[in-house]
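Numbering (the numbering used here), first residue to last: 14 to 432.
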């Protein structure tokens, strides 16, 4: 057991609110499973040593900060600073049929809804998910009523300051036939520890356009997850962007709980010198006629390490499932490392499924060609790297987010050396 986890358990034991019964159960599970070691397959390639002897440091006073500006993005802005929702920089003016409220502002009926959804989609034995269950001080509940189309995107920004531990939680219910767009966004370089988990219950015939950008760098330690439960004929279109940092781990779980649901997930991760990023995805097809398409592409710089573990599980009753998983990686250095593990687990006999993974190095001839044509090395790298991920970037539905992201990727590429 690590010192950090012991302190989390000790401090969480005193918490009391309407989620106390749920937190008590998670606390019990947390005490049972303990600290994951290298023999734990889910954490085999994710070093946690930097966290083991850390002391928990919770921010006492929080200064409001603005979310990073994105030109042209028409958004409902929710800003967490050190795990606390800051009213000064958050906008809670919403169209009719949409509710966004902090946990401590919920009425009795809303509390019952949150209790029914809390911890129901997220994996039960995820140690940091359980930490988030018990340690989150102020989560938010987003509720989109049946049939409502939310024109604005809801952006939830997570900012963490130096030496602070912070935990944020989002619980989302999208009603039958409703449509919404939600953007989970984390940035920062501070030496900090944060967990950020979100659970989505997507109703029948509902649609969710989702973005999860884990863009903390430097000494930041972040672990989080986005977890989805799909109703009948619902659709999910998710885009993940991951940067590396001292510890960066993201889990995405999608459960096909209703027939004829359609899930698409694109992921791009870019790791510079010495960084780590670990992406775990798990797709559960529990019923027939579901469709899943997952594409993940990564670029790994010098001495950086990427971990990709993608699993698709086809249950016995999930006949007529179509599922495809593809992971492609580009190494810019012989000292970079990628551990990729695509998995298909199939128990139904009438399905069409495929999976694959590739690891390649940058094409020296193409780079040489561009250099001999007078293209600067930094620009040549941008051109070649963009060619590798451009297809996925171009598929991002929101033009404002896409146009904001492109120059950031270009700048990051330009500083990644090929060795």
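All residues carry an ideal CB built from backbone N, CA and C; glycine is no exception.
Tell me which same chain residues have a C-beta within less than 6 Å of the C-beta of residue 236, skipping the five on either side of it? Hits under 6 Å: 141, 208 and 262.
Using beta-carbon positions only, say whether residue 75 and residue 89 come within less than 8 Å of one another. No.
If we require 3 or more residues per run, which beta strand (DSSP E) segments fall completely within the segment 226–309? 234–243, 248–256, 260–269, 275–284 and 289–298
Evaluate residue 385 with the Cβ neighbour count: other Cβ atoms within 10 Å of its Cβ, from every protein chain shown; 16 or more gives buried, anything less gives exposed. Result: exposed.
When the Cα atoms are used, what is the spatial distance from residue 203 to residue 96? 14 Å
When the distance is taken between beta carbons, is residue 355 closer than 8 Å to residue 331? no
Relative to the C-alpha of residue 393, which residue among 408, 189, 376 and 190 is closest? 376
Starting from the Cα of residue 37, find the closest Cα among 338, 23, 48 and 50 and give me that residue. 23
Neighbour-count burial assignment, residue 41, 16 or more Cβ in a 10 Å radius: With fewer than 16 other Cβ atoms within 10 Å, it is exposed.
Collapsed DSSP secondary structure at residue 224 in the structure displayed: strand
Proximity to residue 304 [Cα-Cα], best of 312, 284, 269 and 294: 269
First and last residue of the uninterrupted alpha helix (DSSP H) at residue 131: First-last for residue 131: undefined, no H or E at that position.
Since residue 382 is in the alpha helix (DSSP H), which residue starts that stretch and which ends it? 377–385
Please go through the same chain and pick out, in chain order, the residues whose beta-carbon is closer than 6 Å to the beta-carbon of residue 311, but skip the five residues on each side of it. 282, 319 and 342
N-terminal and C-terminal residue of the alpha helix (DSSP H) that residue 327 is part of: Unbroken run through residue 327 is the beta strand (DSSP E), 318–327; no alpha helix (DSSP H).
Between which two residues does the alpha helix (DSSP H) harbouring residue 402 extend? 390–407
Is the number of C-beta pairs between the segment 41–61 and the segment 158–176 that are closer than 8 Å three or more? no
Consider the Cβ of residue 248: report whether some Cβ of chain C lies at a distance smaller than 8 Å. Here chain C cannot be found, since the structure has a single protein chain.
With distances taken from CA atoms, which of 184, 65 and 73 is nearest residue 115? 184
For residue 131 and residue 35, which I take to be in contact (beta-carbon distance under 8 Å), what is that distance rounded to the nearest angstrom? 5 Å
If we call anything under 8 Å between Cβ atoms a contact, is residue 210 one with residue 128? Contact flag unset, no.
Starting from the Cα of residue 338, find the closest Cα among 350, 325, 349 and 226 and give me that residue. 325
Along the chain, where does the alpha helix (DSSP H) containing residue 193 start, and where does it finish? Element bounds for residue 193: not the alpha helix (DSSP H) but the beta strand (DSSP E), 192–201.
Rounded to the nearest angstrom, how far is the Cβ of residue 219 from that of residue 244, given a contact under 8 Å? 6 Å
Residue 158 - containing beta strand (DSSP E), residue span: No beta strand (DSSP E) holds residue 158; DSSP gives it neither H nor E.
Tell whether a beta-carbon distance below 8 Å holds between residue 317 and residue 285. yes
What distance in whole Å lies between the Cβ atoms of residue 186 and residue 126, which are believed to be in contact at a cut-off of 8 Å? So it is a contact: roughly 7 Å between Cβ atoms.
Beta-bridge partners of residue 186, as assigned by DSSP: 156 and 214
Leaving out five residues before and five after residue 372 in sequence, what residues of the same chain have Cβ atoms less than 6 Å from its Cβ? Excluding positions up to five away in sequence, the list reads 342 and 351.
Would you mind working out which of 229, 217 and 33 sits nearest residue 272, comparing C-alpha positions? 217
Can the beta-carbon of residue 344 be found closer than 8 Å to that of residue 296? no
Would you tell me roughly how many angstroms separate the C-alpha atoms of residue 223 and residue 81, rounded to the nearest one? Cα to Cα, the separation comes out at about 18 Å.
Would you tell me roughly how many angstroms separate the C-alpha atoms of residue 69 and residue 177, rounded to the nearest one? 8 Å
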